[in-house]
Amino acid sequence: MSKNLFNKIIIYAVILFLLAISPSIVNMPSQTSVRAICTGLALDKENGQVSVSAQILIPEAGGQYTQKLTMVNHSGSTVEYALKQIEAQVGKKVRFAHCCFIILSDTVCNDNLTNILDYFVRGNNIGNNTILIYTDKSAKDLLSHTSNVNSNEVDNLQVITKYNEKHLFSNGANLLSFFDDYLAPHHTAFMANITMKNDSGQSGGGDSGQSGGSGGSGSGSGGESSDASSSTSGANSPQQDTILSDGQVAVFYKGKLAKLLSNEEREQFNWLDPEVLDTFIKIENVSDKVFENATLAYTVRQKGMKFEYEIANNTPTIRVHYDLGLRAEMILQENGESLAVNQEYISDVVVDAISRKIDEAVKNVCKIQSEYGFDLFNFYRSFNINCHNDWQNYLKLLGDDENYMKNVQIFTDVTCHSAF
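Numbered by the numbering used here, the letters in the sequence shown go through residues 6 to 425 in order.
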């Protein structure tokens, strides 16, 4: 009897609690009416102030789900102040849980980026995996030509960035990794350079509706909205790409832009990156018992790499042993003849030519890193683990341990086999 009474008391207590809080729940406005969903940010510097552009998603009710993107831009002495002005402009609190990327212009990257990005990290205002993207043009203009919610993958920054990190370079910077690398002894981070085509301005106003963004009207002004689900230009008209990703990589040292690697230089750095596969290598003027002044091209399907670290005569030395699995893609004779060569045919002459090409690339990588002082592959950590005492002695004798890369030497040896 007492147990049944106790159960009834609990049930009545729960009912009374629900009745007490129900008025506040019923009267609570929808979250989209009080919060703005930011899907992307762009940071520039104009007249000594930080210019923040936010791409905001606006859901719309109806028989068919539609959505609009509006881009709002404001400037301020700090990122926080500029975002407060954006909130006043849109009349909602701006939230960054769905912010997938931050575009950083060249004007911002000439100073220490950590001073600007500190607001997002320290206050836990944004996800740690938010992608960082460098652009040598205006970040605001690039944002206006992109959309991460458009069903069409043209000009989709997320799709382009994921491809780059798989096939062009590995482990590009996100918000958390940038600070981790900045605070580490090697102080080096890198990210893709994504820019705009030179003729993109001709269609910037009309194409922004297709790509899901719209250009903001200037510093301290509100943005314009565009319908990302339906375009007035016609459903059957092809969407033109307006942004350009050509393999360039921006390298940051101590929080500042150190060097923008060209596509050719980035390919040379890839020879020290075990995670990048399906790279393309071409050798010319190959002559052996089968080829005569031939041009050969291969895809590197497998890239086995073994690193050995030592301090020899007070010189940090790295020896890299390659075992490459190659797939023939092109064979061109100087006289234009086509050869019926077995796909598995890889002669010693071919291996020597590939070995020379890799050695030249790695030597240029050492030259670049010595000149600019950055350590793209964190060799500091590898030396410290594999030969700790010798490495620490080397740093002490060096005096200025931040210039340790100037004496690093890398030697290579290559073996090749056929792979499909």
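Here a beta-carbon is modelled for each residue, glycine too, at the ideal position from N, C-alpha and C.
Since the structure is predicted, the reported quantities are computational estimates derived from the model, not experimental observations.
Find out if the Cβ-Cβ distance for the pair residue i, residue j is shorter than 8 Å.
i	j	result
Pro321	Phe416	no
Asp49	Val99	no
Ala299	Gln338	yes
Val295	Met310	no
Leu173	Arg271	yes
Glu170	Asn176	yes
Val84	Ile121	yes
Gln90	His103	no
Tyr303	Tyr377	no
Ala366	Trp276	yes
Asn133	Leu188	no
Ser58	Ala47	yes
Ile131	Thr200	no
Phe195	Ala255	yes
Val305	Leu266	no
Met410	Ser360	no
Can you tell me whether residue i is buried or exposed, with buried defined as 16 or more other CB within 10 angstroms of its CB?
i	result
Gly96	exposed
Asp146	buried
Val164	exposed
Lys142	buried
Met76	buried
Met335	exposed
Val19	exposed
Gly210	Unreliable placement is indicated for Gly210, whose pLDDT of 37 sits below 50; the coordinate value is still reported in the next sentence. Exposed, since its Cβ has fewer than 16 Cβ neighbours within 10 Å.
Gly260	buried
Asn398	exposed
Leu262	buried
Ser82	exposed
Lys167	exposed
His422	exposed
Ala87	buried
Ala25	exposed
Tyr17	exposed
His393	exposed
Leu21	exposed
Asn198	buried
Leu23	exposed
Gly220	For Gly220, the pLDDT reaches just 38, beneath the cut-off of 50, and the residue's location in the model is therefore unreliable, although a value from the coordinates is still provided. It counts as buried.
Ala93	exposed
Phe125	buried
Thr420	exposed
Ser216	At Ser216 the pLDDT is 35, less than 50, meaning the model places this residue with poor confidence; the figure from the coordinates comes in the next sentence. Its Cβ being crowded by 16 or more others within 10 Å, Ser216 is buried.
Gly404	exposed
Lys372	exposed
Ile14	exposed
Please report the Cβ distance between residue i and residue j, rounded to the nearest whole angstrom; I am assuming they are in contact, meaning their Cβ atoms lie under 8 Å.
i	j	result
Val356	Val291	Going by Cβ atoms, the distance from Val356 to Val291 rounds to 11 Å, so no, they are not a contact pair.
Tyr327	Ile288	That pair is no contact at about 15 Å.
Asn179	Ile136	6 Å
Trp396	Ile323	The pair is not a contact, with the Cβ atoms about 12 Å apart (cut-off 8 Å).
Thr140	Ile108	6 Å
Could you pull the DSSP bridge partners for residue i from this structure?
i	result
Met410	In DSSP, Met410 forms no bridge with anything.
Arg324	Glu313 and Phe416
Gly330	Gln307 and His422
Glu51	Gln54
Gln60	Gly45 and Met76
Leu266	Val254
Lys261	Tyr258
Leu337	Thr300
Lys428	In the structure displayed, the chain extends from 6 to 425; residue 428 sits before or after that span and is not available.
Ile248	Met201
Ala194	Phe257
Asn179	Ile136
Could you tell me which uninterrupted beta strand (DSSP E) segments, each at least 3 residues in length, are contained entirely in the region 79-148, listed from first to last along the chain? 98-100, 106-110 and 136-140
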